[in-house]
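Enquirer: Okay, so the sequence shown: first residue is 1 according to this note's numbering, each after it adds one. Built from N, CA and C at the ideal position, the CB exists for glycine as well. Mind looking over this structure? Questions follow.
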Amino acid sequence: MPWIQLTVSAPEQHAPLVGDMLMGNGAMAVTYRDAHDNPIFEPPLGEVLYWKESLVTGLFPAETDMQRVLTNIRKSRYFEHDFQYKTDQLEDKDWEREWMDNFHPIRFGERLWVCPTWRDIPDPDAVNILLDPGMAFGTGTHPTTALCLQWLDGQDLTGKTVVDFGCGSGILAIAALLLGAERAIGIDIDQQALLASRENAERNGVADKLEVYLPSQQPTLAADLVLANVLAGPLQELADVIQGYVGSKGELVMSGILERQIDAVESAYCEHFSFSPAKLHDEWVMLHATRKQ
Numbered sequence: 001m002p003w004i005q006l007t008v009s010a011p012e013q014h015a016p017l018v019g020d021m022l023m024g025n026g027a028m029a030v031t032y033r034d035a036h037d038n039p040i041f042e043p044p045l046g047e048v049l050y051w052k053e054s055l056v057t058g059l060f061p062a063e064t065d066m067q068r069v070l071t072n073i074r075k076s077r078y079f080e081h082d083f084q085y086k087t088d089q090l091e092d093k094d095w096e097r098e099w100m101d102n103f104h105p106i107r108f109g110e111r112l113w114v115c116p117t118w119r120d121i122p123d124p125d126a127v128n129i130l131l132d133p134g135m136a137f138g139t140g141t142h143p144t145t146a147l148c149l150q151w152l153d154g155q156d157l158t159g160k161t162v163v164d165f166g167c168g169s170g171i172l173a174i175a176a177l178l179l180g181a182e183r184a185i186g187i188d189i190d191q192q193a194l195l196a197s198r199e200n201a202e203r204n205g206v207a208d209k210l211e212v213y214l215p216s217q218q219p220t221l222a223a224d225l226v227l228a229n230v231l232a233g234p235l236q237e238l239a240d241v242i243q244g245y246v247g248s249k250g251e252l253v254m255s256g257i258l259e260r261q262i263d264a265v266e267s268a269y270c271e272h273f274s275f276s277p278a279k280l281h282d283e284w285v286m287l288h289a290t291r292k293q
């Protein structure tokens with residue numbers, strides 16, 4: 001079916017209200033973006049941040065009376081006069097098919113591929129992770145995940161125990177297992193992430209080697225390798241917890257870090273770890289460290 005897209009410009013403090021008004025007037029979905037293309041890289045944990053000037057977009061069925069919607073928005077006391085908006089007609093498309101067409105198999109390093117389940121596997125002899133895009137859990141398309149996957153591809157993981165801290169989709173743990181690791185432990189604060197990790201492990205035939213835990217349930221262990229692809233803030237705040245998983249001769253890989261945050265993250269671990277030169281992808285960084293003897 002065809003759609004009408006209504007985009008309203010709103011100051012930061014009114015953006016959530018405008019989104020609620022659009023939903024209350026029949027919008028099937030609402031999205032937020034910055035009017036000036038300024039990204040928010042790292043909001044505080046548990047907070048949703050909006051931009052100083054936000055563009056709030058509602059998606060309406062084509063038969064919607066948009067004049068009625070606009071009249072209702074104008075009645076709000078938060079818009080004393082008129083407000084800036086624009087409407088766009090969206091052509092009728094098979095949106096699910098168009099979304100699926102945007103995802104292709106991606107190669108990391110020499111032998112590792114991440115492949116959506118609806119695509120043909122480019123190289124049956126490679127190490128192939130079957131993984132579909134999901135709810136903000138990594139699929140390898142983001143530079144932070146790509147950096148970790150490329151690093152894993154170059155390692156000998158035979159027989160090793162690996163911790164995936166902040167496991168999300170389980171992609172790093174599954175990659176490690178398919179590349180030869182003996183055991184992987186996924187830890188995440190989100191129960192949905194643990195469910196996604198289990199399902200993806202089953203799809204890739206490694207469910208018997210993957211354990212998943214909430215932080216309150218995590219076991220005591222000394223891993224050969226700890227992967228932590230989260231953000232710089234949690235990496236610093238949880239340094240004692242994360243480095244506590246690393247065995248006496250273990251390695252630590254951290255990503256989700258911006259280039260300007262390298263010194264702050266390294267300083268939280270440098271007492272017990274020696275760092276290799278940082279790996280960069282766009283403005284994102286991966287740090288590799290080994291425990292000091």
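#1: DSSP on GLN5, reduced to helix/strand/coil?
#2: Can you tell me whether GLN243 is buried or exposed, with buried defined as 16 or more other CB within 10 angstroms of its CB?
#3: Closer than 6 Å by C-beta to TYR213: which residues in its own chain qualify, once you throw out the five before and the five after it? Chain order, please.
#4: Exposed or buried, which one is ILE121 when buried takes at least 16 other CB atoms within 10 Å?
#5: Contact between the segment 199-208 and the segment 168-184: three or more CB pairs below 8 Å?
#6: Taking PRO143 as part of the alpha helix (DSSP H), name the residues at either end of that continuous run.
#7: I'd like to check one pair, VAL163 with ILE189: are the Cβ atoms closer than 8 Å?
#8: Return the bridge partner residues of CYS378 from the DSSP annotation.
#9: Would ASN229 and GLY170 be called neighbours here (beta carbons separated by less than 8 Å)?
#10: Kindly indicate which residue of LEU149, THR141 and HIS142 has the alpha-carbon position closest to the one of VAL127.
#11: Could you have a look at LYS279 and say whether DSSP puts it in helix, strand or coil?
#12: For PRO143, which of THR117, LEU112 and PHE108 has the nearest alpha-carbon?
#13: Who are the Cβ neighbours of VAL284 in its own chain at under 6 Å, not counting the five residues just before and after it?
#14: Can you give the beta carbon distance from ALA146 to HIS281, rounded, assuming they're within the 8 Å contact cut?
#15: Out of curiosity, what's the CA-to-CA distance linking LEU49 and SER9?
#16: Which residue's Cα is closest to the Cα of MET21: GLU63, THR71 and TRP3?
Expert: Let's see:
#1: strand
#2: buried
#3: ILE187
#4: exposed
#5: yes
#6: 143-153
#7: no
#8: Here the chain comprises residues numbered 1 to 293, so residue 378 is not present and cannot be evaluated.
#9: no
#10: LEU149
#11: strand
#12: PHE108
#13: Checking the sequence, you will find Trp at residue 284 rather than Val. Around TRP284: PRO143 and THR144.
#14: 6 Å
#15: Note that LEU49 has pLDDT 46, beneath the 50 cutoff, so the model's placement of it is unreliable and no number is given.
#16: THR71
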